[in-house]
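Notes to accompany the following structure.
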Amino acid sequence: MTEMVPSGLMRGAEDGVMVTPTRARSWKRRTQPRCACTPPRQCSTPLVVVCDTKAAVEEAQRRVSCVLTRLGLELHSEKTRTVDLSRGREGFDFLGCHLRKRMSGPIWERARKRVYYLHRWPSARAMRRVRTRVRDLTPRRRCHDDLRTVIADVNRVLRGWGQYFRTGNAATKFIHVDAYVEERLRGLLLKRAGSRLPVGRAAAWRRPFFEALGLIRLRGTIQYPGGAHATT
Numbered sequence: 016m017t018e019m020v021p022s023g024l025m026r027g028a029e030d031g032v033m034v035t036p037t038r039a040r041s042w043k044r045r046t047q048p049r050c051a052c053t054p055p056r057q058c059s060t061p062l063v064v065v066c067d068t069k070a071a072v073e074e075a076q077r078r079v080s081c082v083l084t085r086l087g088l089e090l091h092s093e094k095t096r097t098v099d100l101s102r103g104r105e106g107f108d109f110l111g112c113h114l115r116k117r118m119s120g121p122i123w124e125r126a127r128k129r130v131y132y133l134h135r136w137p138s139a140r141a142m143r144r145v146r147t148r149v150r151d152l153t154p155r156r157r158c159h160d161d162l163r164t165v166i167a168d169v170n171r172v173l174r175g176w177g178q179y180f181r182t183g184n185a186a187t188k189f190i191h192v193d194a195y196v197e198e199r200l201r202g203l204l205l206k207r208a209g210s211r212l213p214v215g216r217a218a219a220w221r222r223p224f225f226e227a228l229g230l231i232r233l234r235g236t237i238q239y240p241g242g243a244h245a246t247t
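Residue numbering for the sequence shown follows the numbering used here, starting at 16 and increasing by one per position.
Right under this line is the structure:
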């Protein structure tokens, strides 16, 4: 069950203070001029409750609702949903990752036994965001910049993004991002060369060429955490 809880944490409030929507409105009135068109800024806190049965899900939702009610908060009616993770039927996004169970191929081939492990990889939104950041760093107008400088800028994005997702099952996604980065850098060189591009020159602008200029590779950087737990 994935739940989005309006936490009422407002930017600009006292450091470390969690404020309910009611207190947020009161605090805003004391510190800012009244303006009907500027509602108090509130954030949502993601929350996941894992249950074994449907009855347990209903009980968990009831208890969470009771706790939040005492705090002056409530579950987000449109973003609260129940997800069936058994046998990989459904998945959900949480903190930039998509979580879903996948059957172990090696165990099936060896023992013909269906064993499922919970996998996680970058969500569709996370993939869109990293592509957008790479695209913003490699616009056509940078075709005449030193390619090493462009690569250094891209590396900062790739390094941080890769560090966050490398402990999951992101190998395929990493390959896709590597390919996209290579495509963007090659596009800059093609734009720079224009119609003067010698025949066959572009064939050399592949991954080894860019890595020689300092480009880092996401592929092969996956580091799995401790032992996983399987379900049948």
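All C-beta atoms in this analysis are idealised placements derived from N, C-alpha and C, irrespective of residue type, glycine included.
Bear in mind that the values here come from a model prediction, so they are computed numbers and not experimental data.
Reduced DSSP secondary structure (H/G/I, E/B, other) of R127: Start at 1 with the first residue of the sequence shown, and residue 127 comes out as number 112. Annotated three-state conformation of R127 is coil, per DSSP.
Same chain, Cβ closer than 8 Å to G111, neighbours up to 5 away in sequence not counted: Locating residue 111 in the sequence shown gives position 96, counting from the first residue. Non-local beta-carbon contacts of G111 in its own chain, meaning distances under 8 Å to residues more than five positions away in sequence, involve P137, S138, R140, A141, Y179, F180 in chain order.
Span separating the alpha-carbon of D296 from that of L204: Not covered by the structure: residue 296. The range shown for the chain is 16 to 247.
CB contact flag (Y195, R146, <7 Å): Your numbering for residue 195 matches position 180 in the sequence shown. Your numbering for residue 146 matches position 131 in the sequence shown. Contact check for Y195 against R146 passes: the beta carbons are separated by less than 7 Å.
Any non-hydrogen atom of the ligand ADP within 6 Å of F180 CB: The ligand ADP is not among the ligands present in this structure, which contains no ligands whatsoever.
Cβ-based neighbour list, R156, same chain, cut-off 8 Å, excluding 5 preceding and 5 following: Counted from its first residue, the sequence shown places residue 156 at position 141. Excluding its 5 nearest sequence neighbours in each direction, R156 has no C-beta neighbour in its own chain below 8 Å.
Segment limits, alpha helix (DSSP H) that includes H91: Locating residue 91 in the sequence shown gives position 76, counting from the first residue. From DSSP, H91 is part of no alpha helix (DSSP H); its letter is neither H nor E.
L114 beta carbon less than 7 Å from that of R135: As a first step, residue 135 is located in the sequence shown; it is residue number 120 there, counting from the start. As a first step, residue 114 is located in the sequence shown; it is residue number 99 there, counting from the start. Closer than 7 Å, so yes.
With 16 other Cβ atoms within 10 Å as the buried cut-off, status of W10: Past the boundaries of the shown model lies residue 10; the chain is included only from 16 to 247, so the question cannot be answered.
Q47 classed as buried or exposed, judged by whether at least 16 other C-beta atoms fall within 10 angstroms: For the purposes of this step, residue 47 is identified with residue 32 of the sequence shown, where counting begins at 1. No answer about Q47 holds up, because its pLDDT of 49 lies below 50 and its placement is not dependable.
Minimum C-alpha distance to D99 - residue among L88, D67, R129: By one-based count along the sequence shown, residue 99 stands at place 84. Closest in alpha carbon position to D99, among L88, D67, R129, is D67.
Backbone secondary structure at P36 - three-state DSSP: Here residue 36 corresponds to residue number 21 of the sequence shown, with the count starting at 1. Note that P36 scores 38 on pLDDT, short of 50, meaning its location in the model is unreliable; the coordinates nonetheless yield the value given after this. Correct three-state label for P36: helix.
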